[in-house]
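Residue numbers (mature numbering (1 follows the signal peptide of the UniProt record, and there is no 0)): -20 to -1, 1 to 206.
For reference, the structure is listed below as structure tokens.
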């Protein structure tokens, strides 16, 4: 019984820590709209430091540049000479390259990317080899804060934490029921033992017949006329 209660105490102490580790503060929730599958919605905590990846068209450029758009405004331009020019300093932009040293996209950092609620996309412009080619990315990404996000298609971290919470609740409930049953059975057994002990004490307190008591013999009645 003591082991059962000890397990219950440990589970109750571990439950808040498990919920804390599953907190979705630094995670992204991603979904797309059925009416606009090319627009990807991302929900991010305003205080999160996790980067947001904006993919670029999969092209090989010898001479040209990549353009990162925020709505209809060019946020940054990156040339094949690795020279990047950005128009805003509040959002930190970092280019991402593949193993073959090709630009695959941009990583965005900073709380403003969620607060601005803008649409981001990437285009590629090829100057050489000719002809001049403009490749636009089909994927557009809009970022919301969690307070303004209605993305319900994929709630991976939230559902996982809720599932873990219910597992802990079920485990604690099961152990509580088991501990209560053991306590009731132990109490009943203790009462029975106590009752039996009281009966033994009562039997021991009854007076005993003296050991040296003499038995009376058969007496002959004396006639009354004498």
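Ideal Cβ placement from N, Cα and C applies to all residues, glycine included.
* Neighbour flag for residue 169 against chain C, beta carbons, 9 Å -> Absent from the structure: chain C. Only one protein chain is present.
* Mapping DSSP to helix, strand and coil, what is residue 60? -> Note: residue 60 maps to coil in three-state DSSP.
* Span separating the alpha-carbon of residue 84 from that of residue 146 -> When rounded, the distance between both Cα atoms is 41 Å.
* **Rounded C-alpha distance that separates residue 30 from residue 24** => If you draw a straight line from the Cα of residue 30 to the Cα of residue 24, it comes to about 9 Å.
* Of the choices 62, 101 and 112, whose alpha-carbon is the least far from that of residue 35? -> Ranking 62, 101 and 112 by Cα distance to residue 35 puts 101 first.
* Environment of residue 94 [buried if 16+ CB atoms lie within 10 Å] -> Residue burial annotation: residue 94 is buried, with at least 16 other C-beta atoms found within 10 angstroms of its C-beta.
* Quick one: what does DSSP say residue 79 is sitting in, helix, strand or coil? -> Here residue 79 carries a coil assignment [DSSP, helix/strand/coil].
* Asked: For the alpha helix (DSSP H) that contains residue 93, what are its first and last residues?
  -> Per DSSP, residue 93 belongs to the alpha helix (DSSP H) from 92 to 95.
* Asked: From residue 40 to residue 111, what does the alpha carbon distance come to, in whole angstroms?
  -> Roughly 14 Å separates the two Cα atoms.
* To do: Check whether the Cβ atoms of residue 75 and residue 46 lie closer than 9 Å to each other.
  => A contact, by the Cβ cut-off of 9 Å.
* Three-state secondary structure (DSSP) of residue 104 -> Secondary structure at residue 104: strand, using DSSP grouped into helix, strand and coil.
* **Those residues which DSSP pairs with residue 53 across a bridge** => Its beta-bridge partners are 50.
* Asked: What is the rounded straight-line gap between the Cα of residue 149 and the Cα of residue 87?
  -> Their backbone Cα atoms lie some 39 Å apart in a straight line.
* To do: With a 10 Å radius around its C-beta and 16 neighbouring C-beta atoms as the bar for buried, classify residue 161 as buried or exposed.
  => Exposed, because fewer than 16 other Cβ atoms sit within 10 Å of the Cβ of residue 161.
* Proximity below 9 Å, CB of residue 51 to CB of residue 99 -> A contact, by the Cβ cut-off of 9 Å.
* **Same chain, Cβ closer than 6 Å to residue 106, five either side skipped, listed in chain order** => These residues qualify, in order along the chain: 41, 44 and 113.
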